[in-house]
Amino acid sequence: MDDVYVELAQMYDKFGISDFSVSFGDSMLKYFDCMYPNETFKKNLDICCGTGTLCGFFKDNGIQTKGVDLSAEMLDVARSKYCDVEFIKCNASEFNDGEVYDFITCTDDALNHITDIEDVKRIVKNANVLLRDGGLFIFDINNFDILTPGEYNKDSFNGYSKPSLVQSRDSDLIKTDVKYYEHDKLIWQKSLFERDYSISKLTQIFNREGFVLDSCSQHFLDEKRSEKWKLIFKKVE
Numbered sequence: 614m615d616d617v618y619v620e621l622a623q624m625y626d627k628f629g630i631s632d633f634s635v636s637f638g639d640s641m642l643k644y645f646d647c648m649y650p651n652e653t654f655k656k657n658l659d660i661c662c663g664t665g666t667l668c669g670f671f672k673d674n675g676i677q678t679k680g681v682d683l684s685a686e687m688l689d690v691a692r693s694k695y696c697d698v699e700f701i702k703c704n705a706s707e708f709n710d711g712e713v714y715d716f717i718t719c720t721d722d723a724l725n726h727i728t729d730i731e732d733v734k735r736i737v738k739n740a741n742v743l744l745r746d747g748g749l750f751i752f753d754i755n756n757f758d759i760l761t762p763g764e765y766n767k768d769s770f771n772g773y774s775k776p777s778l779v780q781s782r783d784s785d786l787i788k789t790d791v792k793y794y795e796h797d798k799l800i801w802q803k804s805l806f807e808r809d810y811s812i813s814k815l816t817q818i819f820n821r822e823g824f825v826l827d828s829c830s831q832h833f834l835d836e837k838r839s840e841k842w843k844l845i846f847k848k849v850e
């Protein structure tokens, strides 16, 4: 696990990085009601759960949820926020608690941050084991046709602290240099890497592991952020 998350965990929520999870999660519940009114989606596994924001949202909506992540620092923040949710430090491709889930989620472009496609394949394969027949794997990926390389500055959350992000691209590998300032003094800097995965390539991976594409949209119900693709794959019954 890259030590960038040691620092990032402390600012993740302050700068609203995980806010997208809540709006996406709300659209998921509406999708269940609209497309699967006679099915139950009450048991969730959130992989690469970060600071647990989506788990907290599901818990508040009566869904049994569990979070899995490799970053101890991210999970420390998650546990401090949601003491009644179980969070487990584990690789998503290896996690198996013997439970069967109605749906698995992986949000905030977490799959893009898994830069080895073999790891992505292992995650999808493992998801097939954990999901019930007809269960759903729901996630988002960045739409790098819209997220063009450049510099992005976040607003300060307390009047003096702010990050700066500079993004560059080499083929399908995207590098983001993150710098964190307090009173204009550089406190720390790290680099994050993401892989630009095509929807067609991901569909091939999911198809091989017994899934079919259920939905793919930039504008998913109420979640309108076009810089993200929202995808749902269904485990074949």
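If you want my numbering, it's the position in the sequence shown, counting the first as 1, plus 613. Cβ coordinates follow ideal geometry from the N, Cα and C atoms, glycine included.
Minimum Cβ-Cβ distance from residue i to chain C less than 9 angstroms
| i | result |
| --- | --- |
| Ser684 | Within the model displayed, chain C is absent; a lone protein chain is all it includes. |
Residue i (DSSP reduced to helix, strand or coil)
| i | result |
| --- | --- |
| Ser828 | strand |
| Gly663 | coil |
| Asn709 | coil |
| Val698 | coil |
| Ser804 | strand |
| Phe654 | coil |
| Met614 | With a pLDDT of 44 at Met614, under the threshold of 50, the modelled position of this residue cannot be trusted; read the value that follows with caution. In the structure shown, Met614 sits in coil (DSSP, three-state: anything other than H, G, I, E or B). |
| Ser774 | strand |
| Ile727 | coil |
| Glu850 | coil |
| Glu686 | helix |
| Leu834 | coil |
| Lys627 | coil |
| Asp797 | coil |
| Gly823 | coil |
| Asp722 | coil |
| Trp842 | strand |
Where the beta strand (DSSP E) through residue i begins and ends
| i | result |
| --- | --- |
| Asp785 | Element bounds for Asp785: n/a, residue is neither H nor E. |
| Cys719 | Tyr714 to Cys719 |
| Asn766 | Gly763 to Asn766 |
| Leu642 | Unbroken run through Leu642 is the alpha helix (DSSP H), Asp632 to Met648; no beta strand (DSSP E). |
| Glu757 | Before going further, note that residue 757 is Phe rather than Glu in the sequence given. First-last for Phe757: undefined, no H or E at that position. |
| Trp681 | For the sequence presented, residue 681 should be read as Val rather than Trp. Segment Gln677 to Asp682, the beta strand (DSSP E) holding Val681. |
Cβ pair residue i, residue j closer than 9 angstroms
| i | j | result |
| --- | --- | --- |
| Gly562 | Val698 | Because the chain in this structure spans residues 614 to 850, residue 562 falls outside the shown range and cannot be described. |
| Phe750 | Lys847 | yes |
| Glu652 | Asp715 | yes |
| Glu707 | Ile759 | no |
| Ser631 | Glu836 | no |
| Asp746 | Val825 | no |
| Cys647 | Leu834 | yes |
| Leu658 | Glu712 | yes |
| Glu822 | Val737 | yes |
Residue range of the unbroken alpha helix (DSSP H) whose run includes residue i
| i | result |
| --- | --- |
| Arg735 | Ile730 to Leu743 |
| Asp809 | Per DSSP, Asp809 belongs to no alpha helix (DSSP H) and is neither H nor E. |
Expected contact under 8 angstroms - CB spacing of residue i and residue j to nearest Å
| i | j | result |
| --- | --- | --- |
| Ile660 | Ala622 | At roughly 17 angstroms, the Cβ-Cβ gap does not stay under 8 angstroms, so Ile660 and Ala622 are not in contact. |
| Asp768 | Phe633 | With a Cβ gap of about 16 angstroms, Asp768 and Phe633 do not count as contacting. |
| Lys843 | Phe671 | Incorrect: roughly 17 angstroms between the Cβ atoms, too far for contact. |
| Asn766 | Ser777 | 5 angstroms |
| Glu764 | Val779 | 5 angstroms |
Notebook entry, point to check: So, do the stretch 650 to 666 and the stretch 677 to 684 have three or more beta carbon pairs nearer to each other than 8 angstroms?
Noted result: yes
Note to self: Across the stretch 701 to 714 and the stretch 781 to 788, are there enough close Cβ pairs to call them in contact, namely three or more that are closer than 8 angstroms?
What the structure shows: The stretch 701 to 714 makes no contact with the stretch 781 to 788; the number of CB pairs closer than 8 angstroms stays below 3.
Note to self: For the pair the stretch 739 to 755 and the stretch 805 to 821, tell me if three or more CB-CB distances fall below 8 angstroms.
What the structure shows: Segments in contact, yes.
Note to self: Would the stretch 816 to 832 count as touching the stretch 787 to 797 if we require 3 or more Cβ pairs under 8 angstroms?
What the structure shows: no
Note to self: Would the stretch 737 to 747 count as touching the stretch 720 to 728 if we require 3 or more Cβ pairs under 8 angstroms?
What the structure shows: no
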